[in-house]
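Novice: Protein chains in written order, with our numbering: chain H, 95 to 616; chain Y, 3 to 438. Ideal Cβ placement from N, Cα and C applies to all residues, glycine included. The structure displayed is predicted, hence computed values, not measured ones. After the structure tokens below, expect a handful of questions from me.
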Amino acid sequence: MRGIFAAVALAASPALADGPVVPRFIEETASSGLESVYEGEWEYMVGGGVAAFDCSGDGLPELFTAGGASKAALFLNRSEKGGALRFEKAEAGVETEGATGAYPLDVDGDGITDLAILRVGENLLMRGLGDCRFERANEAWGLYGGDAWHTAFSATWEKGADWPTLAVGTYIDRTQEDFPWGNCTTNWLIRPEPGERRFAAGEALEPGFCALSMLFTDWNRSGAQALRVTNDREYYKGGQEQLWQVLPGAPAKLFTEADGWARLRVWGMGIASADLDGDTYPEYFLTSMADSKLQVLKAGPGKPTYADVAFKRGVTAHRPYTGGDLRPSTGWHAQFEDVNNDCRADLFVAKGNVWEMPDFAAEDPNNLLLQREDGSFEEAGDRAGVASLLTGRGGAVVDLNADGALDLVVVNRFAPAQVWRNTGEGLGHWVALKPVMPGANRDAIGAWIEVRAGEMVTRRELTVGGGHVSGQLVPWHFGLAGHEEAEVRVLWPDGTEGPWQKVAADGVWVLSPGAEPVAWRP
Amino acid sequence: MHLTRRAALALFAGLPALPTVLSAQEAPPPVLRDWYRLILELVRHTATYSPPVASRAFAYVGVTAFEAVAGGDPSLNSLAGQLNGLTPLPARDPALSYDEALVLNAALEQAVTSFFGNTGPSGQQAMKRMADRKRQRLSDGKDADLVARSVAQGKAVADHILAWSQSDGGAVIENMGFPYEYTPKPGPQYWVPTSAIRQQQAPLLPNWGNNRTFAMPNGATCALTAPPEYSEDPGSDFYAEAMEVYETVKSVTPEQKAIARFWSDDPMLSPTPPGHWVSIACQILEAQGQPESRCAEVLALVGISVADGFIGCWQAKYEYDLVRPVTYIKRVIDPNWEPLLITPPFPEYPSGHSTQSGAAAEVLTAVFGPGFAFSDATHVDDGIPARDFPDFWAAADEAAMSRLYGGIHYRAAIERGLEQGRCIGAYTAALKTRVA
């Protein structure tokens with residue numbers, strides 16, 4: 095999942111006077127060659143992730159899909175630029191059973207993307223070898239993969255570290271099938287072994303409250319990463335949402351009521367973040383059952399106190415808006431992205447019943463909530479053509495055919511994963527940015543990118559984590575509305591502020607410290 | 003270190019023993035205990051189970067268990083003809099024998115899987131495993147005809163109760179009990195939504211007060227006088243009550259805060275308020291080693307009392323439709339004030355926890371006697387320590403006052419709620435469960 099955006103000065107666009115442009119998506123599942131089903135019994139009622147990243151070097155993201163009790167798969171992206179979506183299943187060395195989800199990241203800083211696969215059982219770190227081949231690297235990198243029901247992941251590079259820090263979230267003790275409640279297992283913080291390019295033994299993040307999403311994020315722009323954890327209240331006792339302070343060299347510490355952290359208990363299933371209100375701090379959207387939450391920082395950067403503005407902003411996404419099933423919804427993957435390139439972050443939410451829960455909608459359409467000029471959102475999933483009634487879980491809003499219009503993948507439980515192509519009709523200009531740093535943290539995780547298009551400034555935090563067991567590592571997308579060029583800058587993880595630099599619209603640019611933007615030519 | 007509920011029970015000492023306590027050799031398998039342990043968990047994992055709906059399930063499951071054992075125990079008196087609309091239960095064949103544990107287990111399996119049929123996948127799995135395991139264990143080594151006959155009898159009892167339940171007005175819950183559309187009454191004295199949760203822009207179960215009651219004639223039987231007249235005049239009684247809530251929360255003590263949290267009993271995060279009283283009864287019954295028949299009797303009475311308590315309370319809530327303290331205080335006294343507890347999404351007067359706690363205390367006092375001291379470890383697994391009480395009314399009083407400490411009720415709703423509960427509970431306590 096990826097952070098995003100803010101509109102500081104909202105310049106009205108004549109084209110948007112009647113509301114945001116609704117992008118047109120065409121489902122191309124049947125013709126695309128993407129054939130994947132997330133299945134399995136109780137231990138796979140959550141999970142079902144997808145990872146999007148380019149491992150072939152052609153600039154088009156491949157897709158890794160978790161299969162649950164069935165094998166996971168990697169699909170090579172064979173789409174033509176701007177054309178129909180095409181995928182080809184590959185033998186890549188990642189075809190493991192038991193996968194719940196995955197996150198791409200470059201662990202060893204070699205410029206080749208690696209893959210963290212979460213599993214029911216042992217987690218796997220798969221080292222990218224190039225040309226979409228992978229090998230197990232748990233032993234080489236010192237990772238103990240555990241033996242638990244793994245359901246959440248995030249990664250960051252702590253200040254001064256040349257090796258990433260991982261957070262791994264777990265769910266229920268799966269030996270307690272008869273009486274699972276109150277049996278959440280421990281989450282883990284896995285830091286580098288000092289002085290070595292490998293992981294040290296994990297530090298327990300206790301108590302664990304059945305995490306279904308984690309996100310390293312600089313919530314107050316202090317320059318330090320914190321770990322946001324959303325937990326499923328169905329199974330914890332005495333639990334709540336969590337925010338861990340993670341300072342270099344110190345054990346992780348929970349923010350408490352005394353620090354301003356207010357107790358919130360939801361069926362937390364996914365996290366999306368975005369600076370929606372332009373105050374430079376990220377807001378956090380939490381998927382749940384019935385009402386979702388949208389949290390805004392309430393008392394300034396000194397205290398992690400949040401107010402819920404989901405109702406005010408129109409993103410409660412609490413029950414189906416089409417399909418005729420009026421029972422409350424169940425939300426999973428969430429992601430802020432500008433799907434109509436109007437300089438405003440929109441919100442996608444994958445929906446689907448947990449498992450024959452009669453109190454909740456069985457036919458639960460995915461949400462595509464488009465942001466209006468006034469900061470509120472309107473539902474457009476049905477009009478855009480993505481209101482699938484299958485049982486959604488993980489997902490990715492990502493440009494699959496390099497045309498600047500973000501496409502969509504959703505993994506479904508006991509049903510085929512679906513893929514939609516955004517036709518791009520009537521959308522604004524765009525730019526995609528690929529920061530590259532020297533050193534270990536090549537992809538500049540923890541940096542912020544700001545984009546100025548006319549009067550509008552949007553920004554997003556570069557993260558690995560969040561969503562619902564679904565991650566992506568691709569150039570960061572920004573809509574530019576009617577602007578044919580933009581100014582961009584990077585606030586690098588070490589605090590260095592890059593200069594504002596001009597880039598032309600409708601292309602992908604590589605941004606490096608001390609260098610001019612370079613058009614990306616994969 | 004957290005005590006488990008089981009460990010806390012071991013702390014019971016000096017509790018007055020009831021006359022009938024079986025020896026270990028005579029003790030039947032703990033059918034009732036295990037099923038109640040499960041339903042106290044299921045109630046927090048079944049989204050429709052707001053407190054009123056939960057109370058209904060506790061009543062019907064309790065009555066099912068009681069009728070299952072009463073059919074084989076000549077000392078017990080059926081509730082048919084005593085509870086509104088309950089007709090005589092399917093009779094046993096007097097010429098044949100039955101296995102009492104199997105009858106009870108089959109009745110509970112049928113009742114629990116029906117009343118908690120909407121629970122999530124883990125609950126479904128837990129119910130199935132409990133049913134399979136118990137059925138197997140209780141049947142082992144027994145005559146097949148006896149097993150089949152006993153299971154059929156238990157199911158017949160449960161089916162009879164289930165059929166009876168369908169006509170009470172509370173059988174179908176949509177949208178977790180929240181109407182899809184609702185227009186608040188015009189006027190500052192009336193309830194308005196208090197949360198930013200979209201689903202809760204309409205109040206919970208506005209027609210629950212019309213449901214068929216169990217032991218009392220109807221929802222209006224223990225009617226309340228009107229609350230203090232609404233006024234924004236600082237010299238008015240209403241203002242004074244609101245100011246008391248405001249000041250109490252502003253100066254809440256650690257002990258008051260602990261009390262508010264202890265009795266908060268939030269739906270989907272706890273066994274709910276009616277489940278809290280069922281839990282208290284279970285703890286005492288287990289500590290005393292009471293036989294299944296006595297447990298079934300007590301749990302039926304507690305379930306009936308809290309269910310009637312919620313119907314009576316809800317009848318009054320929607321008759322008066324009173325504004326919540328958080329609304330009034332923010333509008334009239336201090337716009338920045340916040341209650342300690344989450345304000346429930348329905349009208350204020352009377353306090354539901356007060357009414358149903360009063361009803362439960364009345365019944366438990368009748369069962370165990372006045373001055374019955376106990377320790378309540380309901381929330382120990384949630385990290386909330388046990389609390390000790392000198393008697394049931396002390397617990398009910400504390401539960402009621404917790405709503406003032408939490409900032410969600412005025413004093414009138416608390417005190418009159420308790421009195422309403424006492425009145426409602428008296429109807430339950432008057433039921434004849436034993437042959438004279």
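Return the chain-ordered list of same chain residues with a C-beta closer than 6 Å to the C-beta of Y/A29, the five sequence neighbours on each side being excluded.
Specialist: With a pLDDT of 42 at Y/A29, under the threshold of 50, the modelled position of that residue is not reliable, and the figure given next carries that caveat. If we look at Y/A29 and ignore the five residues flanking it on each side, it has no Cβ neighbours.
Novice: Does the separation of the CB atoms of H/S423 and H/A404 fall below 7 Å?
Specialist: For H/S423 and H/A404, no; Cβs fall outside 7 Å.
Novice: Can you check whether the C-beta of Y/Q258 is within less than 7 Å of a C-beta belonging to chain H?
Specialist: No, because no Cβ of chain H sits closer than 7 Å to the Cβ of Y/Q258.
Novice: Measuring CB to CB, does Y/F394 end up less than 7 Å from Y/T430?
Specialist: Against a cut-off of 7 Å, the Cβ pair of Y/T430 and Y/F394 comes out as no contact.
Novice: Along the region 436-462 of chain H, what residues have a CB closer than 8 Å to any CB found in chain Y?
Specialist: Listed by position along the chain: V448, W449, E450, M451, P452, D453, F454.
Novice: Considering just the uninterrupted stretch of the alpha helix (DSSP H) at H/E377, what are its terminal residues?
Specialist: Premise fails: H/E377 lies in the beta strand (DSSP E), 377-381, not in any alpha helix (DSSP H).
Novice: In the DSSP assignment, find the unbroken beta strand (DSSP E) run with Y/D323 in it and report its ends.
Specialist: From DSSP, Y/D323 is part of no beta strand (DSSP E); its letter is neither H nor E.
Novice: Quick one: Cα of H/Y138 to Cα of H/A346, how far?
Specialist: Their backbone Cα atoms lie some 29 Å apart in a straight line.
Novice: Under a Cβ-count criterion, where at least 16 other Cβ atoms within 10 Å of its own Cβ denotes burial, should H/A344 be classed as buried or exposed?
Specialist: Result: exposed.
Novice: Using the beta-carbon of each residue, which ones in chain Y are nearer than 7 Å to H/T416?
Specialist: Result: empty, since nearest Cβ-Cβ is about 15 Å, beyond 7 Å.
Novice: Would the beta-carbon of H/V491 fall within 7 Å of that of H/L462?
Specialist: Contact: no.
Novice: Using 8 Å as the cut-off, can you tell me whether the region 357-372 of chain Y makes contact with the region 320-337 of chain Y, which would need three or more C-beta pairs spanning the two stretches below that distance?
Specialist: The region 357-372 of chain Y vs the region 320-337 of chain Y: no contact.
Novice: Do you know offhand how far H/V360's Cα is from Y/I410's?
Specialist: Spanning the two alpha carbons is a distance of roughly 21 Å.
Novice: I'd like to know whether the C-beta atoms of H/T269 and H/A242 end up nearer to each other than 7 Å.
Specialist: No; because the gap between Cβ atoms is not below 7 Å, this pair is not in contact.
Novice: Would the beta-carbon of Y/T50 fall within 7 Å of that of Y/A113?
Specialist: Result no, Cβ atoms of Y/T50 and Y/A113 do not sit closer than 7 Å.
Novice: State the DSSP-derived secondary structure class of Y/T115, mapped to helix, strand or coil.
Specialist: In the structure shown, Y/T115 sits in a helix (DSSP, three-state: H, G or I).
Novice: Is it true that the region 208-220 of chain H meets the region 485-503 of chain H, where meeting means three or more beta-carbon pairs spaced less than 8 Å apart?
Specialist: No, the region 208-220 of chain H does not touch the region 485-503 of chain H.
Novice: Give me the Cβ distance between H/A478 and H/P117, rounded to the nearest whole Å; I'm assuming they're in contact under 8 Å.
Specialist: Yes, H/A478 and H/P117 are in contact; Cβ-Cβ is about 6 Å, under 8 Å.
Novice: Looking at chain Y, which residues of the region 131-143 of chain H have a Cβ within less than 7 Å of any of its Cβ atoms?
Specialist: So the list reads W136, M139, given in the order they occur along the chain.
Novice: Measure from the C-beta of H/D353 to each C-beta in chain Y and report whether the shortest distance is under 7 Å.
Specialist: For H/D353, the answer is no, since every Cβ of chain Y falls outside 7 Å of its Cβ.
Novice: Output, in chain order, the set of chain Y residues within a Cβ distance shorter than 7 Å of H/H412.
Specialist: Under the 7 Å cutoff, chain Y gives R200, Q201.
Novice: Kindly say whether H/R93, judged by its beta-carbon, lies nearer than 7 Å to any beta-carbon of chain Y.
Specialist: Here chain H covers residues 95 to 616 and nothing more, so residue 93 of chain H does not appear.
Novice: Three or more beta-carbon pairs under 8 Å between the region 378-394 of chain Y and the region 271-279 of chain Y, yes or no?
Specialist: Yes, since at least three Cβ pairs between the region 378-394 of chain Y and the region 271-279 of chain Y fall closer than 8 Å, the two stretches touch.
Novice: Verify the CB distance criterion: does H/K331 have a CB-CB separation below 7 Å to chain Y?
Specialist: Chain Y, which has a Cβ nearer than 7 Å to the Cβ of H/K331, makes this yes.
Novice: Can you pull the DSSP bridge partners for H/K387?
Specialist: DSSP, once it has assigned bridges, lists H/L380 as partnering H/K387.
Novice: Does any residue of chain Y have a CB that is nearer than 7 Å to the CB of H/L605?
Specialist: Not one chain Y Cβ lies under 7 Å of H/L605.
Novice: Name the residue from H/P607, H/N434, H/E457, H/G161 whose alpha carbon lies nearest to the alpha carbon of H/N535.
Specialist: Comparing Cα-Cα distances from H/N535 to each of H/P607, H/N434, H/E457, H/G161, the minimum goes to H/P607.
Novice: Run through chain Y and tell me which residues come within less than 7 Å of H/E328, C-beta to C-beta.
Specialist: Going along chain Y in sequence order, the residues near H/E328 (Cβ under 7 Å) are H47, G122.
Novice: Give the straight-line distance between the Cα atoms of H/V530 and H/T259, rounded to the nearest whole angstrom.
Specialist: The straight-line gap from Cα to Cα measures roughly 19 Å.
Novice: Cβ closer than 9 Å: which chain H residues qualify as neighbours of Y/A113?
Specialist: Those do not exist, as Y/A113 stays about 17 Å from chain H at its closest Cβ, beyond 9 Å.
Novice: Check whether chain H comes within 7 Å of Y/K434, counting only Cβ atoms and requiring the distance to be less than that.
Specialist: Y/K434 does not count as touching chain H.
Novice: Below 8 Å between beta carbons is the criterion; list the residues of the region 365-395 of chain Y that meet it against any residue of chain H, in chain order.
Specialist: So the close ones are D383, D384, G385, I386.
Novice: If I'm right that H/V504 touches H/G486 with Cβ under 8 Å, what's the distance once you round it to whole angstroms?
Specialist: That pair is a contact at about 5 Å.
Novice: When we look at the beta-carbon of Y/W449 and count the other beta-carbons within 10 Å, is it buried (16 or more) or exposed?
Specialist: Here chain Y has residues from 3 to 438 only, and residue 449 of chain Y is not among them.
Novice: Using a Cβ-Cβ cut-off of less than 8 Å, give me the residues of the region 388-407 of chain H that come near chain Y, in sequence order.
Specialist: Hits within the stretch, in order: D402, V403, A404, F405, K406.
Novice: Taking a contact to mean a Cβ-Cβ separation below 7 Å, would you say H/G195 touches H/V214 in this structure?
Specialist: No, the Cβ-Cβ distance between H/G195 and H/V214 is not below 7 Å.
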